[in-house]
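*Asks:* Residue numbers (the working numbering): 575 to 946. Each residue gets a CB set at the ideal place from its N, CA and C atoms; glycine is no exception.
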């Protein structure tokens, strides 16, 4: 086999072994494993990178979404618009706070929420949505300016789920600078990934910042053992913060390499199949490079036989899963989502995919397409 990795964390580990090991050793030496000094340092640096006043780190990207919804007071009787084509955590967080997700369709070029579809959520009978969660899927910023205007017309809010999009920009502005709040994930395979789970919430409001920090620690107040609200055990541990600080030293270089890989894929594949189409002014972070093909499962088998790993993100609309089958879909349906789930195919994508390995992915894919 050729040894091509879908996501090559081992190559990154080889590069960063010494600085990360030193960072972990410093934490072991000072012993502040929970809320140690690396947490505050990381939060300051992350907030600056996404151009927001506050960053509140937490235990996972899912916790980040749930904490943000809790801080907004979302609960039973509320509806929140989410994309039907994304990882389930976006809808799951809505359910975890007792609210109801409303599933909307996506734009075929970016796989992010289509504002016209979102607008139809207010045509449903029953309570109107209180907010929108816009996912920046595969590292492509969503159309947040349009979605914010739509939310404002209905006295609702916009929350950006940037689990896959830390580092992405639109017209030079961070994808996580939009919305009342934005969240991200540090799952190991994300563009900025820890050596375990982790996440963060970004905001500009003093009150939201205080509430989020309270929720993160069981809803604690200023006095010991005084609890102002129901909260979570939602802290990021200090060792993960130390690892992330080390990874930030190479993050910008890794982003540039990801963009180069994406550019080469598009140059070689755009005439043979449907390739991603970033909107003008958008700089994706390329968490995934996702194409669309006919006969996907047969193609995956052929590629696997050639030693080329692929993934499918995502094979089903969320609303078709048993846990979400009773939740409403916007009027007009989710035709783009349904088509995407049948056709999307994600190719190897990471900063350490060299040109020779990428050429093998491309040639194997083109050969497999010619054999269909």
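Under 8 Å, do residue 873 and residue 942 count as touching if we go by C-beta distance?
*Replies:* Taking the first residue of the chain shown as position 1, residue 873 is located at position 299. Taking the first residue of the chain shown as position 1, residue 942 is located at position 368. Their beta carbons are under 8 Å apart, which means residue 873 touches residue 942 by this criterion.
*Asks:* Among the residues of its own chain, which have a CB less than 6 Å from the CB of residue 702, if the five just before and after it don't count?
*Replies:* Start at 1 with the first residue of the chain shown, and residue 702 comes out as number 128. For residue 702, where only same-chain residues beyond five positions count, the Cβ hits under 6 Å are 696.
*Asks:* Cβ atoms of residue 690 and residue 710: under 8 Å apart, would you say?
*Replies:* Within the chain shown, the letter at position 136 stands for residue 710. Within the chain shown, the letter at position 116 stands for residue 690. Their beta carbons are not under 8 Å apart, which means residue 710 does not touch residue 690 by this criterion.
*Asks:* I need the straight-line Cα distance from residue 868 to residue 917, nearest angstrom please.
*Replies:* As a position in the chain shown, residue 868 is number 294, starting the count at 1. As a position in the chain shown, residue 917 is number 343, starting the count at 1. Each residue's alpha carbon lies about 6 Å from the other.
*Asks:* Sorted by chain position, which residues of the same chain lie with C-beta nearer than 7 Å to residue 644's C-beta, five sequence neighbours on each side aside?
*Replies:* Residue numbering aside, residue 644 sits at position 70 when the chain shown is read from its first letter. The residues are 671, 789.
*Asks:* What's the C-alpha gap between residue 803 and residue 681?
*Replies:* On the chain shown, residue 803 is found 229 positions in, with the first residue counted as 1. On the chain shown, residue 681 is found 107 positions in, with the first residue counted as 1. Whole-angstrom Cα-Cα distance: 38 Å.
*Asks:* Taking the alpha helix (DSSP H) that residue 636 belongs to, which residues open and close that run?
*Replies:* The sequence position of residue 636 within the chain shown is 62, counting from 1. Residues 635 to 645.
*Asks:* Once you ignore the five residues that flank residue 817 on each side, which residues in its own chain have a CB closer than 6 Å to its CB?
*Replies:* Mapped onto the chain shown, residue 817 falls at position 243. Once the five neighbours on either side are set aside, the close Cβ partners of residue 817 are 594, 768, 769.
*Asks:* Do residue 659 and residue 926 have their beta-carbon atoms positioned less than 8 Å apart in this structure?
*Replies:* For this step, residue 926 is matched to residue 352 along the chain shown. For this step, residue 659 is matched to residue 85 along the chain shown. In this structure, residue 659 does not lie closer than 8 Å to residue 926 by Cβ.
*Asks:* Can you tell me where the alpha helix (DSSP H) with residue 732 in it begins and where it stops?
*Replies:* Taking the first residue of the chain shown as 1, we reach residue 732 at position 158. That residue, residue 732, is in no alpha helix (DSSP H); its beta strand (DSSP E) goes 731 to 735.
*Asks:* So what's residue 778 in DSSP terms, helix, strand or just coil?
*Replies:* Stepping through the chain shown from its first residue, residue 778 is reached at position 204. If DSSP states are grouped into helix, strand and coil, residue 778 belongs with coil.
*Asks:* Closer than 8 Å is the cut-off here; do at least three beta carbon pairs connect the stretch 839 to 848 with the stretch 893 to 906?
*Replies:* The stretch 839 to 848, when compared against the stretch 893 to 906, does not touch it at the 8 Å Cβ threshold.
*Asks:* Looking at the unbroken alpha helix (DSSP H) that takes in residue 866, where does it start and where does it end?
*Replies:* Position 292 of the chain shown, counted from the start, is the residue given in the question as residue 866. Counting along the chain, residue 866 falls outside any alpha helix (DSSP H), though it belongs to the beta strand (DSSP E) covering 863 to 866.
*Asks:* Do residue 848 and residue 865 have their C-beta atoms closer together than 8 Å?
*Replies:* Locating residue 848 in the chain shown gives position 274, counting from the first residue. Locating residue 865 in the chain shown gives position 291, counting from the first residue. Contact: yes.
*Asks:* Using 8 Å as the Cβ pair cut-off and three pairs as the minimum, do the stretch 648 to 665 and the stretch 703 to 723 touch?
*Replies:* Flag = yes, the stretch 648 to 665 and the stretch 703 to 723 touch.
*Asks:* Does the beta-carbon of residue 599 have 16 or more other beta-carbons within 10 angstroms, so that it is buried, or is it exposed?
*Replies:* Position 25 of the chain shown, counted from the first residue, corresponds to residue 599. Exposed.
*Asks:* Looking at the secondary structure, which residues open and close the beta strand (DSSP E) in which residue 653 lies?
*Replies:* The count along the chain shown starts at 1 and reaches residue 653 at position 79. Segment 653 to 657, the beta strand (DSSP E) holding residue 653.
*Asks:* Taking DSSP as the reference, what is the three-state secondary structure of residue 803?
*Replies:* Here residue 803 corresponds to residue number 229 of the chain shown, with the count starting at 1. Reduced to three states, the DSSP call for residue 803 is coil.
*Asks:* Could you give the distance in angstroms between the alpha-carbon of residue 582 and the alpha-carbon of residue 732?
*Replies:* As a working note, residue 582 is residue 8 in the chain shown. As a working note, residue 732 is residue 158 in the chain shown. Cα-Cα distance, rounded: 34 Å.
*Asks:* Tell me the rounded alpha-carbon separation between residue 745 and residue 639.
*Replies:* On the chain shown, position 171 is the one that residue 745 refers to. On the chain shown, position 65 is the one that residue 639 refers to. Roughly 25 Å separates the two Cα atoms.
*Asks:* Taking only runs of the alpha helix (DSSP H) that begin and end inside the stretch 596 to 626, which ones reach a length of at least 4 residues, in chain order?
*Replies:* Counting whole runs of 4 or more residues, the stretch 596 to 626 contains the alpha helix (DSSP H) stretches 611 to 623.
*Asks:* Which residue marks the beginning of the alpha helix (DSSP H) containing residue 759, and which one marks its end?
*Replies:* In the chain shown, the residue the question calls residue 759 occupies position 185. Residue 759 -> not in any alpha helix (DSSP H); beta strand (DSSP E) instead, spanning 755 to 759.
*Asks:* Can you tell me which of 631, 592, 584, 761 puts its alpha carbon nearest to the alpha carbon of residue 823?
*Replies:* As a working mapping, residue 823 is identified with position 249 in the chain shown. Comparing Cα positions, the closest option is 592.
*Asks:* Could you compute how far the alpha carbon of residue 933 sits from the alpha carbon of residue 577?
*Replies:* By 1-based counting over the chain shown, the position of residue 933 is 359. By 1-based counting over the chain shown, the position of residue 577 is 3. Approximately 14 Å between the Cα atoms of the pair.
*Asks:* With the cut-off set at 8 Å, would you say residue 945 and residue 876 are in Cβ contact?
*Replies:* As a working note, residue 945 is residue 371 in the chain shown. As a working note, residue 876 is residue 302 in the chain shown. Closer than 8 Å, so yes.
*Asks:* From what residue to what residue does the beta strand (DSSP E) around residue 628 run?
*Replies:* Position 54 of the chain shown, counted from the start, is the residue given in the question as residue 628. 628 to 632 is the extent of the beta strand (DSSP E) around residue 628.
*Asks:* For residue 939, which option in 612, 878, 797 has the closest C-alpha, if you only look at C-alpha atoms?
*Replies:* Position 365 of the chain shown, counting from 1, holds the residue named residue 939. When only C-alpha atoms are compared, the closest one is 878.
*Asks:* Answer yes or no: do residue 613 and residue 766 have a C-beta to C-beta separation smaller than 8 Å?
*Replies:* Counted from its first residue, the chain shown places residue 613 at position 39. Counted from its first residue, the chain shown places residue 766 at position 192. For residue 613 and residue 766, no; Cβs fall outside 8 Å.
*Asks:* Locate the alpha helix (DSSP H) running through residue 822, then write down its first and last residues.
*Replies:* To locate residue 822, count along the chain shown from 1; it is residue 248. Looking at the DSSP string, the run of the alpha helix (DSSP H) that includes residue 822 is 812 to 843.
*Asks:* Hey, which unbroken runs of the alpha helix (DSSP H) at 4 residues or more fall wholly within the stretch 855 to 937?
*Replies:* The stretch 855 to 937 contains these whole alpha helix (DSSP H) runs: 870 to 879, 909 to 917.
*Asks:* From residue 522 to residue 674, what does the alpha carbon distance come to, in whole angstroms?
*Replies:* Lying before the first or after the last residue shown, residue 522 is absent from the chain, which here runs from 575 to 946.
*Asks:* Taking the straight line between their C-alpha atoms, what separation do you get for residue 735 and residue 898?
*Replies:* Taking the chain shown and counting its residues from 1, the one referred to as residue 735 is at position 161. Taking the chain shown and counting its residues from 1, the one referred to as residue 898 is at position 324. The alpha-carbon atoms of residue 735 and residue 898 are separated by roughly 19 Å.
*Asks:* Report back the beta-carbon spacing between residue 737 and residue 759 to the nearest angstrom; my notes put them in contact at under 8 Å.
*Replies:* For the purposes of this step, residue 737 is identified with residue 163 of the chain shown, where counting begins at 1. For the purposes of this step, residue 759 is identified with residue 185 of the chain shown, where counting begins at 1. About 4 Å separates the two Cβ atoms, so the contact holds.
*Asks:* At what residues does the alpha helix (DSSP H) containing residue 666 begin and finish?
*Replies:* The residue given as residue 666 occupies position 92 in the chain shown. Note, residue 666: alpha helix (DSSP H), 663 to 670.
*Asks:* Measuring only the C-alpha atoms, how far is residue 771 from residue 620?
*Replies:* The count along the chain shown starts at 1 and reaches residue 771 at position 197. The count along the chain shown starts at 1 and reaches residue 620 at position 46. Those two C-alpha atoms are separated by around 17 Å.
*Asks:* Short check: CB of residue 764 to CB of residue 633, under 8 Å?
*Replies:* For the purposes of this step, residue 764 is taken as the residue at position 190 of the chain shown. For the purposes of this step, residue 633 is taken as the residue at position 59 of the chain shown. Cβ atoms of residue 764 and residue 633: not closer than 8 Å.
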